[in-house]
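As structure tokens, the structure follows; a few thoughts come after it.
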Amino acid sequence: MVRKIFNFFIYLLFFIAVLIYFAPKIGLYYLAEQQIKPFGVIISQEEIKDNGFALSLQNANISLKGVDTANIGYTDLKLLVLYNSLNIQKIELSSMADSFAPLNIDSITITHSIINPLFITGEAKGGFGEGTLNIDILKRVVTIKLIPSKNMKQKYKSTLRNLKKNSDGEYIYEKNL
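Just so we're aligned, residue 8 is where the sequence shown starts under my numbering, counting upward by one.
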């Protein structure tokens, strides 16, 4: 009996792995791109590659309502059902953002796991310093904690004034969705 249950789980994991590997990830990407288009978000000039268990984009330009807002060097999306992650590297923001934040972001990693399904977490590093992201799906609350760099503290004081500062020296932004 134990052997039958073990075999069932092995076959189930194999089926899920094959399903993920052969899923039309590029087609799903284009579908997602069409879904965000009504919000004014356009992703262009990207090079798309299906890596089996992941989808990668290189050199993507992001436009928001007709205005170029960012260039993204590399993006890696892994949708593994039990663990999903989005890794974005080498982000260069438009010069319009220079008045309130540094223009370079080294990396952003966003993850969602079945171990904690009601939360989406993330980390970011760049010219602004280091930050963490927590999204509570049930309460619909986004919380960002920022540990600013020296550059951020010196040149972008007005941006930091709009955030709450806690006793640890972190700056917190919280928004209900």
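Yeah, the Cβ is synthetic: ideal placement off N, Cα and C, and Gly gets one too.
Please identify the residue among the options whose C-alpha is closest to the C-alpha of residue i.
i	options	result
Gly47	Leu35, Glu53, Ile69 and Ile55	Ile69
Met159	Lys85, Ile49, Ile112 and Phe126	Ile112
Leu125	Pro45, Ala24, Val148 and Ile49	Val148
Ile95	Gln65, Leu71, Val88 and Asp75	Gln65
Ile49	Gly129, Ala77 and Leu87	Ala77
Lys72	Pro45, Gly138 and Thr128	Pro45
Ile127	Leu153, Leu93 and Ser63	Leu93
Asn91	Asn14, Val74, Leu19 and Gly129	Gly129
Tyr37	Gly134, Ile117, Tyr28 and Glu54	Glu54
Leu100	Asp75, Leu167, Leu89 and Ile117	Asp75
Ser63	Glu40, Gln41 and Lys32	Lys32
Using 10 angstroms around the beta-carbon of residue i, count the other beta-carbons present and answer buried if the total reaches 16, otherwise exposed.
i	result
Ile17	exposed
Gly34	exposed
Pro155	buried
Ile43	exposed
Thr150	exposed
Leu184	exposed
Ala131	buried
Ile115	buried
Phe135	buried
Can you find the residues in the same chain that come closer than 6 Å, C-beta to C-beta, to residue i, ignoring five residues on each side of it along the sequence?
i	result
Gln52	Asn68
Gly59	Tyr28
Tyr180	Ile151 and Leu170
Glu177	Lys152 and Ile154
Please look up how many angstroms separate the CB atoms of residue i and residue j, rounded, as I've assumed it's under 8 Å.
i	j	result
Gly80	Lys97	3 Å
Below 7 Å CB to CB, which residues in the same chain sit around residue i once its five sequence neighbours on both sides are set aside?
i	result
Ala61	Asp83, Leu84 and Lys85
Glu40	Ile50
Using a Cβ-Cβ cutoff of less than 8 Å, which residues in the same chain neighbour residue i once the five nearest sequence positions on both sides are dropped?
i	result
Val88	Ile23, Ile27 and Ile121
Subject >> Any 3 or more C-beta pairs closer than 8 Å across the stretch 166 to 176 and the stretch 138 to 149 >> reply: Here the stretch 166 to 176 does not lie against the stretch 138 to 149, with fewer than 3 beta-carbon pairs under 8 Å apart.
Original post:
Quick one: any contact between the stretch 100 to 107 and the stretch 116 to 127, if contact means 3 or more CB pairs under 8 Å?
Top reply: Because the criterion of three Cβ pairs below 8 Å is not met, the stretch 100 to 107 and the stretch 116 to 127 do not touch.
Subject >> Inter-stretch contact at 8 Å, needing at least 3 Cβ pairs: the stretch 151 to 168 / the stretch 107 to 117 >> reply: These segments touch.
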